[in-house]
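Those sequence lines, one after another, are chains Y and W. According to my numbering, the stretch in the first sequence is residues 885 to 1161, in order. According to my numbering, the stretch in the second sequence is residues 727 to 1091, in order. From the three backbone atoms N, C-alpha and C, an ideal C-beta is built for every residue, glycine too. Below is one structure, written out as structure tokens; comments come after it.
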Amino acid sequence: MNSRRSPNLTSVLIFTVFLILGASFVFPFYYMAINAMKTTPEYYKSTFSLPGSLDLSNFTTMISQFRIHINMMNSLIISVSSVLITALLGIIASYVFAKRRFRGSGAVYMAIIFSMFMPNAVTLIPLYFLYSRLGLINTSLSVISCLVTASMPSTIMLLTAYFRSIPNDVVEAAVIDGCGFMGIVRNVIFPMGKPAIAVNATFVFLRTWNEFLTPLVLLTKKETQTVVVALSALVGRYHSDPPYQMAGLAIATIPAVIMYLFFQRYLVEGVSAGSLK
Amino acid sequence: MATVELKGISKVYDGGVKAVNDANIIIQDREFVVLVGPSGCGKTTTLRMIAGLEDITEGELTIDGKLVNDVPPKDRDIAMVFQNYALYPHMTVYDNMAFGLKIRKFPKAEIDNRVREAAKILDIGMLLERKPKALSGGQRQRVAVGRAIVRQPKVFLFDEPLSNLDAKLRVQMRAEISALHNRLQATMIYVTHDQVEAMTMGDKIVVMKDGFIQQIGDPLGLYNFPINRFVAGFIGSPPMNFMDVQIAEEGGTLFAVEKNFRVAVTGRNIPLVKPYIGKNIIFGIRPEDLTFSDREAPGKSMKITVEVVEPLGAEIHLYMNTGAHQLVARVPTDHVYKVGDVASFIPNMDKAIFFDAETEKALLP
């Protein structure tokens, strides 16, 4: 029996569509990567050709002159802190919504989910005045608290849905075994909810890493700014040197790519998982 | 080990649904008590209240004489085996069994001893490093039982632990749990909807329906002296046959009269049905108390049409029709029965049970 079937028109069409889709995702990265390693004359000669040599000087310039590593560190502190705080609060809140329903929990849950649809910018100006009074402008804390708050609704929505699929029996077994509230969270909810928690951590990290408006308003000094805000200055400062801009952007994407690679297994598991056996 | 006592326990859920009504049960030390009843009868709710997983709306629950209504589950010194095993999927079998002891900060050596001892009892020693997903249903159930054993609790609670197993494995595990009870000499409370499990495992059976306890007793006591029609029909397989009859007196003899037959009332039932002369009453007879007769016996036999023949090897189940009632008989294999046969059957009237037509309560001496 011939196990290989000849491709029919539908599968060829589907393959072509996915190929175009994949290329549209990959091409900007490819374009950024090749141009980040070109000299300025090389870039203007042909933006689509491969670089003549593996030249990393644009990257070293971004670090030595633009001091992008400081902004990278700011972004890292803000993003990692936001991920950790969101995860901690989100897991606890979602466990309560999923497994320990209380009078009015449905209404509270809906209110939290509703707040997801409120644009960030609406609260930004009042928050600016608030943080200004508290002396928190140009501190990571102000941005972290804003980003955590903004990330909580989607976190709660995702984790609550996932935690609901954890069998009640397992939670009750832990109660009988002697676990208290945090014992259940630590020993049952966290390990059994890992795929969803990892997916959410990735989303929150990418969101906070790429967040522009909040840090732009709350972080006004260059040395306190996140890499995304700082990179926006590149447009003016290096407007005639796109390879520098590309190098800066390439550096800024590295953590997100690492994050994806690190959580890739959980991402697939978390997105596809619907039931726990 | 411990005595468990439920005094007037009731459970009302939000919305006013009363799941358990005024339950009074005394479970003696080392007793194996089975709560049995159809779905929604309140048996699991009762067990969960004993476990502390449900709040008690009304009444008192004591374990070893100590009121535990407001004591959290972890402090009640109970262990529970769940219907779906409820093993921690991310832990190995060893860790699943050890978890309760670790939480209670037992020394490592003690935990190891207890886990290995329980694994030996349950014959799961070779599975200790496996995760639950790598186990069969029967093995998972053993691990769930092992998790309870290692705790050495005062009371073991089982919530329909065998209902997810296939028929053969269920019979095997039934025997193993009974053997375990004999070995551990522990107080065990077991919930099931399967009356065969209840009859074969329980020292004492609590039959429940619609949140009310119908009857508490030992298996044979319930079988032979059911307090009402529900218990009579629920305990026993195939179930007891029920027929609407009228009591008539002819020549000093009392007869149970149906449209198509009349049989004389005998023995202990005579004084019990006497007040019902001329009235309707329910006549109950167990399938094994119907005997085939090759000739008609006036006033003793019933003419019945055989509709379904179920040969089971050791015995035959006959599903029959009197013309007004469906009956089932459990008969030996010494006669060949055919569908459509009209045969005479003699009910053992000494073992018949009559029920009041209105209250459905059994007329017992």
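Helix, strand or coil: which one does DSSP assign to GLU836 of chain W?
Here residue 836 of chain W refers to the residue found at position 110 of the second sequence. Helix, per DSSP.
Nearest to LYS1087 of chain W by CA position, among W:ASP1015, W:PHE951, W:VAL983 and W:SER963, is which residue?
Reading the second sequence from its first residue, position 361 is the one you call residue 1087 of chain W. Of W:ASP1015, W:PHE951, W:VAL983 and W:SER963, the smallest CA-CA separation from LYS1087 of chain W is found for W:PHE951.
For the region 768-802 of chain W, which residues have a beta carbon sitting closer than 9 Å to at least one beta carbon of chain Y?
Cβ contacts with chain Y come from ARG774, ALA777, GLY778, LEU779, PRO798, PRO799, LYS800, ASP801 and ARG802.
In the DSSP assignment, what are the bridge partners of GLY943 of chain W?
The residue labelled residue 943 of chain W in the question sits at position 217 within the second sequence. Paired residues: W:ILE931.
Is there a Cβ of chain Y sitting closer than 8 Å to that of PRO1013 of chain W, yes or no?
Residue 1013 of chain W sits at position 287 when you count from the first residue of the second sequence. It does not; no Cβ of chain Y falls within 8 Å.
Cα-Cα separation, VAL1027 of chain Y to SER1116 of chain Y:
The sequence position of residue 1027 of chain Y within the first sequence is 143, counting from 1. The sequence position of residue 1116 of chain Y within the first sequence is 232, counting from 1. Each residue's alpha carbon lies about 18 Å from the other.
Alpha carbon of HIS1051 of chain W to alpha carbon of PHE987 of chain W, nearest angstrom:
For the purposes of this step, residue 1051 of chain W is identified with residue 325 of the second sequence, where counting begins at 1. For the purposes of this step, residue 987 of chain W is identified with residue 261 of the second sequence, where counting begins at 1. Looking at the two C-alpha atoms, the distance is approximately 11 Å.
Please return the same chain residues whose Cβ sits closer than 6 Å to the Cβ of PHE1147 of chain Y, not counting the five positions on each side in sequence.
The residue labelled residue 1147 of chain Y in the question sits at position 263 within the first sequence. Result list for PHE1147 of chain Y: ALA1082 and THR1086, in chain order.
Any alpha helix (DSSP H) of 4 or more consecutive residues that is wholly inside the region 745-816 of chain W
Entirely contained in the region 745-816 of chain W, the alpha helix (DSSP H) runs reaching 4 residues are, in chain order, 769-777.
Could you tell me whether any Cβ in chain W is nearer than 8 Å to the Cβ of LEU1160 of chain Y?
Indexing the first sequence from 1 puts residue 1160 of chain Y at position 276. Caution is warranted here: a pLDDT of 41 is assigned to LEU1160 of chain Y, below 50, making its placement in the model unreliable, and the coordinate value is therefore given only provisionally. For LEU1160 of chain Y, the answer is yes, since a Cβ of chain W falls inside 8 Å of its Cβ.
Length at least 4, wholly inside the region 892-941 of chain Y: the alpha helix (DSSP H) runs in chain order:
Fully enclosed alpha helix (DSSP H) runs of 4 or longer: 893-920 and 924-929.
When Cβ atoms are compared, which residues of the region 1058-1080 of chain Y fall closer than 9 Å to chain W?
Flagged, chain order: ALA1058, VAL1059, ILE1060, ASP1061, GLY1062, CYS1063, GLY1064, GLY1067, ASN1071, VAL1072, PRO1075, MET1076 and LYS1078.
Is GLU923 of chain W closer than 8 Å to LEU980 of chain W when the C-beta atoms are compared?
Walking along the second sequence from the start, residue 980 of chain W turns up at place 254. Walking along the second sequence from the start, residue 923 of chain W turns up at place 197. For LEU980 of chain W and GLU923 of chain W, no; Cβs fall outside 8 Å.
Can you find the residues in the same chain that come closer than 7 Å, C-beta to C-beta, to ASN892 of chain Y, ignoring five residues on each side of it along the sequence?
Here residue 892 of chain Y is taken as the residue at index 8 of the first sequence, counted from 1. For ASN892 of chain Y, where only same-chain residues beyond five positions count, there are no Cβ hits under 7 Å.
I think CYS767 of chain W touches GLY937 of chain W, with their Cβ atoms under 8 Å apart; what is that distance to the nearest whole Å?
Position 41 of the second sequence, counting from 1, holds the residue named residue 767 of chain W. Position 211 of the second sequence, counting from 1, holds the residue named residue 937 of chain W. Rounded, the Cβ-Cβ distance is 7 Å, consistent with contact.
Quick check on VAL1059 of chain Y: buried or exposed, where buried means 16 or more other Cβ atoms within 10 Å of its Cβ?
Along the first sequence, one-based indexing puts residue 1059 of chain Y at 175. By the neighbour-count rule (16 or more Cβ atoms within 10 Å), VAL1059 of chain Y is buried.
Do you know how far the Cα of ILE961 of chain Y is from the Cα of LYS929 of chain Y?
As a position in the first sequence, residue 929 of chain Y is number 45, starting the count at 1. As a position in the first sequence, residue 961 of chain Y is number 77, starting the count at 1. Taking the Cα positions, LYS929 of chain Y is about 39 Å away from ILE961 of chain Y.
In whole angstroms, what separates the C-alpha of MET885 of chain Y from that of ASN1071 of chain Y?
One-based indexing of the first sequence puts residue 885 of chain Y at position 1. One-based indexing of the first sequence puts residue 1071 of chain Y at position 187. Confidence is the limiting factor: at MET885 of chain Y the pLDDT is only 47, short of 50, which leaves the residue's position unreliable and the question unanswerable from this model.
Against chain W, with Cβ distances strictly below 8 Å, would VAL980 of chain Y count as a contact?
Residue mapping note: residue 980 of chain Y aligns to position 96 of the first sequence, counting from 1. No, its Cβ sits nowhere closer than 8 Å to a Cβ of chain W.
Using a Cβ-Cβ cut-off of 8 Å, state whether MET806 of chain W counts as contacting chain Y.
For the purposes of this step, residue 806 of chain W is taken as residue 80 along the second sequence, with counting starting at 1. It does; some Cβ of chain Y falls within 8 Å.
Less than 8 Å between CB atoms is the rule here; does VAL1152 of chain Y satisfy it with respect to chain W?
Here residue 1152 of chain Y refers to the residue found at position 268 when the first sequence is read from its first residue. Not flagged as an interface residue toward chain W: VAL1152 of chain Y, since no C-beta distance is shorter than 8 Å.
When you compare the CB of GLY826 of chain W with every CB in chain Y, is at least one pair closer than 8 Å?
Here residue 826 of chain W refers to the residue found at position 100 of the second sequence. With 8 Å as the cut-off, GLY826 of chain W counts as an interface residue toward chain Y.
Does the region 1095-1108 of chain Y come close enough to the region 1018-1035 of chain Y to have 3 or more Cβ pairs within less than 8 Å?
Counting Cβ pairs under 8 Å, three or more are found: they touch.
My parser needs the alpha helix (DSSP H) runs of 4 or more residues fully inside the region 955-1026 of chain W; what are they?
As far as the region 955-1026 of chain W is concerned, its whole alpha helix (DSSP H) runs of at least 4 residues are 955-960 and 995-999.
Check whether the Cβ atoms of ALA845 of chain W and GLY851 of chain W sit closer than 8 Å, and answer yes or no.
Sequence index remark: in the second sequence, residue 845 of chain W carries index 119 (1-based). Sequence index remark: in the second sequence, residue 851 of chain W carries index 125 (1-based). Taking 8 Å as the cut-off, the beta carbon of ALA845 of chain W is found closer than this to the beta carbon of GLY851 of chain W.
From ARG1056 of chain W to LYS800 of chain W, what does the alpha carbon distance come to, in whole angstroms?
The count along the second sequence starts at 1 and reaches residue 1056 of chain W at position 330. The count along the second sequence starts at 1 and reaches residue 800 of chain W at position 74. Between the alpha carbons of ARG1056 of chain W and LYS800 of chain W lies a gap of roughly 48 Å.
N-terminal and C-terminal residue of the alpha helix (DSSP H) that LYS828 of chain W is part of
Taking the second sequence and counting its residues from 1, one reaches residue 828 of chain W at position 102. Here the alpha helix (DSSP H) through LYS828 of chain W covers 819-829.
Residues near LYS1161 of chain Y by beta carbon distance below 6 Å, same chain, minus five either side
Counted from its first residue, the first sequence places residue 1161 of chain Y at position 277. Low local confidence applies: a pLDDT of 39 at LYS1161 of chain Y is under 50, so the model's placement there is unreliable, with the coordinate-based value given in what follows. Nothing meets the Cβ criterion.
Can you check DSSP and say which residues form a bridge with ALA1088 of chain W?
The residue you call residue 1088 of chain W lines up with position 362 of the second sequence. According to DSSP, which records beta bridges pairwise, ALA1088 of chain W is partnered with W:PHE1081.
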